[in-house]
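Okay, so here's the structure we're looking at.
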Amino acid sequence: MVTGARALSLVRDELFATIDQAEQNLERFIMERHCSSLLQRAVECIHQLRGALSLIELAGAELLAHETFELVTDIPAGAGAERDDHLMALCHALHVLRRYIEQFRSRYEEMPELLLPAINELRRVTGQPALPECYFFTVRLDLPRTPVSQTDDLPLKEQQGLARRMRQMYQIGLLGLLKEQNPKASLKLMERALARLDYLLSDRAGAKLCWVGAAALEAFREGDLLLHRTRKQLFSRLDRELRQLLTVPDYEPPRSILKDLLYLIALSESTGVRAEELREAFSIDTLPYTDAMLDREYRRLTGPSQAVMHSLSQAIHEELATVKELLDLVERRVAEPDAYARLYIQLGILAKTLIMVGQPSAGQALQAHLPVLNHWARGEDVEQVQLDNLADAILYVESLVSCFERETSKETCPVLASPGQEGESFGNHLLNEAQVLLLAEAKAGLANAKQSISAYLDARGEAIHLANVPACLHNVRGALLFLEHTRAAELTGICAQYVQAHMVNNLNMPAASLLEVLADALSSIEFFLESGAMASRSGQPDILELAADSVSALGWRPVAAA
1 MVTGARALSL VRDELFATID QAEQNLERFI MERHCSSLLQ RAVECIHQLR
51 GALSLIELAG AELLAHETFE LVTDIPAGAG AERDDHLMAL CHALHVLRRY
101 IEQFRSRYEE MPELLLPAIN ELRRVTGQPA LPECYFFTVR LDLPRTPVSQ
151 TDDLPLKEQQ GLARRMRQMY QIGLLGLLKE QNPKASLKLM ERALARLDYL
201 LSDRAGAKLC WVGAAALEAF REGDLLLHRT RKQLFSRLDR ELRQLLTVPD
251 YEPPRSILKD LLYLIALSES TGVRAEELRE AFSIDTLPYT DAMLDREYRR
301 LTGPSQAVMH SLSQAIHEEL ATVKELLDLV ERRVAEPDAY ARLYIQLGIL
351 AKTLIMVGQP SAGQALQAHL PVLNHWARGE DVEQVQLDNL ADAILYVESL
401 VSCFERETSK ETCPVLASPG QEGESFGNHL LNEAQVLLLA EAKAGLANAK
451 QSISAYLDAR GEAIHLANVP ACLHNVRGAL LFLEHTRAAE LTGICAQYVQ
501 AHMVNNLNMP AASLLEVLAD ALSSIEFFLE SGAMASRSGQ PDILELAADS
551 VSALGWRPVA AA
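In UniProt numbering, the protein residues as written are 1 to 562.
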């Protein structure tokens, strides 16, 4: 029997015609809810679609048609407003199915994963659980793991306390991830916590979850996978499994979460050590698509792509450049007589465009100056104060559009300002950018220190690799003091003192367990630098508590919370 792309080419026109009929009948039924014959004809068309797609064996398209049929048969004639979500989901599913078949014609390679969002939307409105991302992914989960050897034999009580602290570290990273506060820093903290738990609990069957989870987080971070609701739920579920693992010694996590995590590794293009180890251990084949490709293709299915929005941002920047040139001529008093009218028209159009693309603050900032421009166009004198205010507004708008174009985080974008307050907002934005630069220098210093400590470990205690580490950490401490993060600065200073006293000046290399604790402290401070330090002046007290606990475990005095 002919299946796949060749079969689709034979029935494609009939499929399109059937989808057209189903859409037309549904659209008419939405307007005429009392007409049951319209709904019945839509049901018949969708039933034909499901049968045809089943015969040609297009798994994703067949499943979407099946879910569509299940939903449409559940809608009664005369359905009221309570069924609007169901009808909208049906129309959206048919639109996606049409676009998918159109794209399949040019690609001749099925990507059923593209249809999962539409399938899950249909399941959502009917109260069914969503299908996981890995629904179409296959992997063997019964493969044994290579035994892990521990170098330190910690007492049980101490091991349990350290394991609880590592779960707390994971939770702090998870909280930052859920709030999308520098996701890469959060992922790195979560990865370290799971790697340490894997080491601590390696004698338990459930430790396999920590092993796979750490590799998945590494792959997620290095592969720049997209952070959406489904993946946030997966990492939250992982935390609940960790609680069970630490509470019940012989607990074994469900196979489904292992498959979800392995799918992230397969999807990622990461070449990290952990990800590569898992690919080899589970014989994971390279997928014919990437996460970015799935996102790009799905955007094509459903609406305008990010490239369109980027082009729009560039067009707005070009308009702003023209406005700034005209304003410069006005300020130098060399503008042509019609320059004021042109400036008025361009700013008016630009303001409306910004409001339409979801930038109301920027649009209103320009609209507030239109009356003044109108007076200038009529021949009234240009006052310097009015000119300065308009320049402030344009700079404010330009900075907002730059954030929109770069998809910059909210923390580094100007605060939305009321008309007349744009200058203050833009000034604060420049100060904030200066703080970001200083923070970047601090992060670079901490990264260099960690790299030097790694070289020290690889060289089995050659102190020459640590020559610049104390000074580097003291520079980080100074930056944090300038940014008014006193407690983080004090903890960093103590780490610098420990390195100087116990690693630089001491010929004997510290125990591996102490070096791990030092790494915990530096990782906690690194997470604070990358995600918490710019979020608020109070920072992230929980992560600093972890750093303080680690510093105490090194034998140095505890640091009291500020």
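The beta carbon of each residue, even a glycine, is placed where N, CA and C say it ideally should be. Every value quoted in this text rests on a predicted model; they were computed, and no experiment measured them.
Query: For A351, count neighbouring C-beta atoms within 10 Å of its own C-beta (all shown protein chains included) and say buried if the count is 16 or more, exposed if not.; Result: buried
Query: Could you give the distance in angstroms between the alpha-carbon of A185 and the alpha-carbon of S523?; Result: 10 Å
Query: Just reading off the alpha helix (DSSP H) that V139 is part of, what are its end residues?; Result: Counting along the chain, V139 falls outside any alpha helix (DSSP H), and DSSP gives it neither H nor E.
Query: Flag this pair as yes or no: are the beta carbons of L197 and R167 separated by less than 9 Å?; Result: yes
Query: Would L189 and I494 be called neighbours here (beta carbons separated by less than 9 Å)?; Result: no
Query: Quick one: what does DSSP say S236 is sitting in, helix, strand or coil?; Result: helix
Query: Would you verify that the beta carbon of T290 is, or is not, closer than 9 Å to some beta carbon of chain C?; Result: Protein chains in the displayed structure number just one, and chain C is not present.
Query: Checking 9 Å against the spacing of the C-beta atoms, do F136 and P112 come in under that value?; Result: yes
Query: Cα-Cα, which of K324, E23, E380, I316 is closest to I349?; Result: I316
Query: For L446 and F527, what's the separation of their Cα atoms in angstroms?; Result: 11 Å
Query: Find out if the Cβ-Cβ distance for the pair L491, A463 is shorter than 9 Å.; Result: no
Query: Just reading off the alpha helix (DSSP H) that S199 is part of, what are its end residues?; Result: It is Tyr, not Ser, that sits at residue 199 in the sequence shown. Segment 183–200, the alpha helix (DSSP H) holding Y199.
Query: To which residues of the same chain is E441 closer than 7 Å at the C-beta, ignoring the five residues directly before and after it?; Result: A479
Query: Please give the ranges of any alpha helix (DSSP H) in the region 267–346, keeping only runs that are unbroken, at least 4 residues long and fully inside the region.; Result: 273–281, 291–302, 306–331
Query: If we ignore side chains and look at the alpha-carbon of each, how far apart do H86 and F69 end up?; Result: 12 Å
Query: Which residue wins for smallest C-alpha separation from L261, given the options A275, G213, L343, V330?; Result: G213
Query: So, with DSSP's three-state summary, where would you put P249?; Result: coil
Query: Whole angstroms are fine: how far does the CA of R140 sit from the CA of E516?; Result: 33 Å
Query: Could you check whether V499 and L466 sit closer than 9 Å to each other, using their CB atoms as the reference points?; Result: yes
Query: Determine the DSSP secondary structure at K410, reduced to helix, strand or coil.; Result: Residue confidence for K410 is low, a pLDDT of 41 falling below 50, so the modelled location carries little weight; the figure read from the coordinates is stated next. DSSP places K410 in helix when its eight states are reduced to three.
Query: Between the C-alpha atoms of L200 and Q159, what's the straight-line distance to the nearest angstrom?; Result: 7 Å
Query: Please report how far the alpha carbon of N120 lies from the alpha carbon of V436, in whole angstroms.; Result: 40 Å
Query: Report the rounded CA-to-CA distance for G555 versus A548, giving the unit in angstroms.; Result: 11 Å
Query: Helix, strand or coil for T73 per DSSP?; Result: coil
Query: Could you say which of N468, A377, L49 lies nearest to A339 if we only look at CA atoms?; Result: A377
Query: Check R487 in the structure and name its three-state DSSP category.; Result: helix
Query: Whole angstroms is fine: what's the gap from Y289's alpha carbon to E102's?; Result: 18 Å
Query: H369 by DSSP, collapsed to three states: which one?; Result: coil
Query: On the premise that L71 lies in contact with T138, defined as a C-beta separation below 8 Å, what is that separation, rounded to the nearest angstrom?; Result: Wrong, their Cβ atoms sit about 27 Å apart, outside the cutoff.
Query: Tell whether a beta-carbon distance below 9 Å holds between E133 and A61.; Result: no
Query: Is the region 224–236 in contact with the region 276–286, if contact means three or more CB pairs nearer than 8 Å?; Result: no
Query: Where Y396 and I257 are concerned, what is the direct C-alpha to C-alpha distance, given to the nearest angstrom?; Result: 46 Å
Query: Taking L264 as the reference, give the member of R296, P249, P254, D224 with the closest Cα.; Result: D224
Query: Quick check: the Cα distance between I19 and I46, rounded to an integer number of angstroms?; Result: 8 Å
Query: Quick one: what does DSSP say C210 is sitting in, helix, strand or coil?; Result: helix
Query: Secondary structure at T126, three-state DSSP: helix, strand or coil?; Result: coil
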